[in-house]
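Engineer: Supplied in structure tokens, the structure appears directly below.
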Amino acid sequence: MKALGIKTIIYTDISKDGMMSGPNISATKEMIDKTGLNIIASGGISSLKDIENVSKTGAYGVIIGKALYNGSVNLGEVIKKYKG
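So the sequence shown is numbered by my numbering: it starts at 96 and just counts up by one.
Below, the structure written as structure tokens:
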């Protein structure tokens, strides 16, 4: 993919998507390390702590879905913490 000019991909662990059980940190890190691409992690985010854990992998970004809808994650807090 990188050779084709792809720079960023979304990695969604579909076994975690919508489950509110936490993201697949090890698979996200492996994807980053093996591809050298900018990885946006998706699936399982349920808290600010989950976002912090994804951030530690070096992920380019994170997609927050259900956790926003049910109020488990406050978007204002996330923006405040990670605003560059």
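From the three backbone atoms N, C-alpha and C, an ideal C-beta is built for every residue, glycine too. No experiment lies behind these values; they were computed from the predicted model shown.
1. Using 7 Å as the threshold, is the C-beta distance between ILE134 and ALA162 below it?
2. So, with DSSP's three-state summary, where would you put VAL168?
3. Taking a contact to mean a Cβ-Cβ separation below 7 Å, would you say VAL168 touches VAL157 in this structure?
4. Grab me the residues of SER116's own chain with a C-beta within less than 6 Å of its C-beta, minus the 5 sequence neighbours each way, in chain order.
5. What span of residues does the alpha helix (DSSP H) with ASN148 cover, start to end?
Structural biologist: The relevant details are as follows:
1. no
2. coil
3. no
4. GLY139
5. 143 to 151
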